[in-house]
């Protein structure tokens with residue numbers, strides 16, 4: 001009941017219930033329901049009260065005397081001492097809060113530079129790189145920014161492709177503008193259109209031009225507000241900073257008093273009253289989205305550094321990201337897919353070649369041992385120290401099995417780390433217990449140890465068993481690594497997914513709440529929960545080659561399809577996108593196994609032919625693949641498109657449908673290699 005009401009609250013900052021309750025829809029709700037009226041009365045009493053005690057993520061108080069003399073303190077479980085005031089209260093008693101933020105990107109940059117030095121012999125100083133490098137801006141203009149600081153989201157990639165940055169100022173502006181206020185207010189479109197000469201910049205007064213020229217007549221930064229205050233009202237730097245702080249804090253009473261002062265002082269300096277009012281209106285509007293340039297510039301510099309490294313040293317940059325994310329299998333899977341798209345070959349972990357992190361071999365990245373689950377630091381150090389190994393038996397004899405235990409060795413086998421010594425993984429798993437037992441017995445003797453181990457390797461033969469099939473191998477790889485490596489179960493369906501799905505898992509995370517989608521993925525995790533009514537439902541993780549998404553299957557649908565809801569099963573899904581803060585969840589409304597194209601009974605198929613290959617003979621031949629409407633219950637309607645260089649021509653094919661089966665559509669695609677198929681709903 002609460003969720004729909006909560007979603008009616010306007011987005012943005014400084015929203016108050018008092019203001020929201022003036023809206024007609026809320027008044028009608030309260031008039032209809034005494035329960036809802038009481039809800040809002042209680043909510044108004046709770047508004048602006050702290051809802052819990054929490055610790056600032058990065059705030060450190062620095063004082064010139066013992067803090068206990070000016071503020072109450074408390075200890076938390078970790079033994080840290082906290083000040084029991086929030087930021088504003090700290091300022092009131094004379095304390096200063098400094099934010100110390102750790103940034104993983106700086107570690108990634110540092111590791112990339114070390115790899116460049118190690119493999120290329122180049123000592124690159126990141127602070128000396130040129131800020132006008134064309135190769136870097138070309139990468140940004142293409143939106144190829146996976147792994148680039150602050151520029152990874154699909155929305156940001158699209159903005160970069162539209163804006164086409166040409167210098168560092170554009171990058172600073174991008175990071176300041178890509179937020180809800182500027183996007184919703186149309187400022188981003190205005191900036192892009194003006195940059196590309198589609199509209200002229202507008203200045204209310206000549207004094208604004210030198211201040212806003214770099215941002216095409218738009219106030220983007222707090223520093224520009226300070227400059228406007230100085231130019232129009234003669235503010236000192238201190239007074240201009242007061243205005244900047246008022247804007248940053250969104251304090252309305254202070255803003256109102258500053259408005260009067262700004263207009264009065266501007267008029268005294270011969271600025272027309274109407275212009276002064278309009279300029280302050282711009283400043284006030286800016287308060288809803290303002291960003292400080294120094295912050296944006298600092299972020300832009302880090303973004304540029306990562307883009308430069310990706311453009312010029314892609315293999316080292318990607319290896320550094322993968323090393324940093326080694327313990328996060330979803331992130332590793334994502335960046336391995338990115339590396340593949342960049343043409344970088346990914347080599348499996350290897351017991352004799354892999355190091356702790358991801359390393360470079362020629363034009364390929366070798367997966368590090370830390371990426372394997374159940375292989376900890378102690379085990380990795382032991383493996384590296386006892387290398388090289390000439391056989392699986394040699395490995396089991398050399399390593400201390402207290403540090404590298406059976407569970408660790410199983411994970412190494414399943415990940416493919418022993419493939420260079422013995423490619424049959426099933427054989428190693430089958431013989432592991434026997435090998436460890438014999439090896440353990442041999443290690444009891446210190447006097448005859450060397451002779452025993454040598455003879456063991458020569459005389460003990462591993463029992464032969466059939467290798468796992470590809471699906472089994474992939475399941476065990478996923479278990480050991482958290483991602484698929486040899487292949488991906490969805491890859492064999494990619495052609496069909498491109499035809500029938502509307503979004504992949506990565507794109508779904510970028511679409512708006514409420515968007516209806518059709519997609520496909522494999523179940524990587526499933527949890528069965530009970531609702532308040534005691535009915536069972538499923539919470540699943542569903543993934544494709546690039547990303548993983550959480551999805552909910554409610555009781556009615558769960559009862560209908562529980563027999564196909566198993567880990568590793570590929571599915572078609574239809575549903576609605578839901579947002580919970582920064583997380584995207586798919587509310588599944590229908591599903592089917594991937595082998596079932598009858599799932600798309602309510603869609604239609606578009607057939608696209610390049611105009612230069614179509615002729616009467618091919619059209620006649622195409623009819624052989626179609627079925628008459630009156631004889632088909634499961635066929636899908638079709639539309640034929642002829643693709644010309646600058647436009648499409650659409651033809652309705654009345655009276656005919658197409659059979660939505662893999663066999664039929666495969667034959668169609670094999671016969672007409674030039675065509676594209678696309679399902680629409």
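In the UniProt record's numbering, the protein residues as written are 1 to 681. No residue lacks a Cβ here, since even glycine has one placed at the ideal position from N, Cα and C.
Contact set for residue i: own chain, Cβ-Cβ below 7 Å, skip 5 residues either direction
| i | result |
| --- | --- |
| residue 312 | 135 |
| residue 133 | 308 |
| residue 499 | 677, 678 and 679 |
| residue 357 | 323, 326, 368 and 370 |
| residue 528 | 536 and 538 |
| residue 611 | 642, 643 and 644 |
| residue 431 | 462 and 463 |
| residue 137 | 165 and 166 |
| residue 254 | 246 |
| residue 555 | 531, 535, 536 and 537 |
| residue 411 | 372, 373, 374, 375 and 480 |
| residue 614 | 642 |
Residue from the options whose Cα sits closest to the Cα of residue i
| i | options | result |
| --- | --- | --- |
| residue 87 | 111, 338 and 62 | 62 |
| residue 552 | 533, 572, 526 and 258 | 526 |
| residue 128 | 304, 284 and 161 | 304 |
| residue 193 | 278, 435, 497 and 162 | 162 |
| residue 100 | 473, 56 and 111 | 56 |
| residue 323 | 360, 620 and 350 | 360 |
| residue 102 | 83, 59 and 252 | 59 |
| residue 684 | 405, 470, 227 and 139 | Any property of residue 684 remains undetermined from this structure, which presents the chain solely from 1 to 681. |
| residue 178 | 400, 112, 296 and 214 | 296 |
| residue 334 | 394, 506, 385 and 173 | 506 |
| residue 516 | 561, 344 and 585 | 585 |
| residue 659 | 646, 117 and 622 | 622 |
| residue 292 | 378, 231, 93 and 221 | 221 |
| residue 53 | 209, 82, 67 and 41 | 82 |
| residue 354 | 111, 388, 74 and 591 | 388 |
| residue 225 | 195, 258, 196 and 199 | 258 |
| residue 695 | 560, 563 and 596 | Outside the shown range of the chain (1 to 681) lies residue 695, about which nothing can therefore be said. |
Same chain only: Cβ atoms within 6 Å of residue i, ignoring 5 sequence neighbours per side
| i | result |
| --- | --- |
| residue 454 | With a pLDDT of 48 at residue 454, under the threshold of 50, the predicted position of this residue should be treated as unreliable, and no value is reported. |
| residue 170 | none |
| residue 29 | 36 |
| residue 15 | none |
| residue 447 | With a pLDDT of only 42 at residue 447, under the threshold of 50, the placement of this residue in the model should not be trusted; the figure read from the coordinates follows. Contacts found: none. |
| residue 497 | 520 |
| residue 299 | 150 and 175 |
| residue 11 | none |
N-terminal and C-terminal residue of the beta strand (DSSP E) that residue i is part of
| i | result |
| --- | --- |
| residue 110 | No beta strand (DSSP E) holds residue 110; the alpha helix (DSSP H) holding it covers 104 to 120. |
| residue 97 | 96 to 99 |
| residue 361 | 359 to 361 |
| residue 543 | 536 to 543 |
| residue 33 | No beta strand (DSSP E) holds residue 33; DSSP gives it neither H nor E. |
| residue 73 | 73 to 75 |
| residue 386 | Where residue 386 is concerned, there is no enclosing beta strand (DSSP E), given that its DSSP letter is neither H nor E. |
| residue 676 | 676 to 680 |
Residue span of the alpha helix (DSSP H) that contains residue i, given as start and end
| i | result |
| --- | --- |
| residue 155 | 154 to 163 |
| residue 323 | 314 to 324 |
| residue 125 | Taken as a continuous stretch (DSSP letters only), residue 125 belongs to no alpha helix (DSSP H), as it is neither H nor E. |
| residue 199 | Per DSSP, residue 199 belongs to no alpha helix (DSSP H) and is neither H nor E. |
| residue 255 | 252 to 268 |
CB-CB length for residue i against residue j, believed under 8 Å
| i | j | result |
| --- | --- | --- |
| residue 513 | residue 578 | 6 Å |
| residue 636 | residue 642 | Not quite, the Cβ-Cβ distance comes to about 20 Å (not below 8 Å), so this is no contact. |
| residue 545 | residue 491 | 7 Å |
| residue 625 | residue 639 | Wrong, their Cβ atoms sit about 15 Å apart, outside the cutoff. |
| residue 329 | residue 483 | 5 Å |
| residue 588 | residue 568 | That pair is no contact at about 18 Å. |
| residue 609 | residue 675 | 5 Å |
Nonlocal neighbours in the same chain, by C-beta distance under 8 Å from residue i, ignoring five residues either side
| i | result |
| --- | --- |
| residue 510 | 153, 154 and 155 |
| residue 419 | 348, 350 and 425 |
| residue 486 | 348, 416, 470, 473, 474 and 477 |
| residue 435 | 392, 393, 396, 460 and 462 |
| residue 332 | 322, 325, 326, 371, 481, 482 and 483 |
| residue 273 | 263 and 267 |
Proximity test, residue i beta-carbon vs the ligand GDP heavy atom, cut-off 6 Å
| i | result |
| --- | --- |
| residue 190 | The ligand GDP is not part of this structure, which contains no ligands at all. |
Can you check the region 580 to 644 for any beta strand (DSSP E) of at least 3 residues that lies completely inside it and give the ranges in chain order? 583 to 593, 604 to 610, 626 to 628 and 636 to 643
At which residue ranges does the region 543 to 577 contain complete alpha helix (DSSP H) runs of 4 or more residues, listed in the order of the chain? 555 to 561
Which runs of the alpha helix (DSSP H) spanning at least 4 residues fall entirely within the UniProt domain "DNA polymerase helix-hairpin-helix motif" (343 to 428), listed in chain order? 377 to 385, 392 to 398 and 406 to 415
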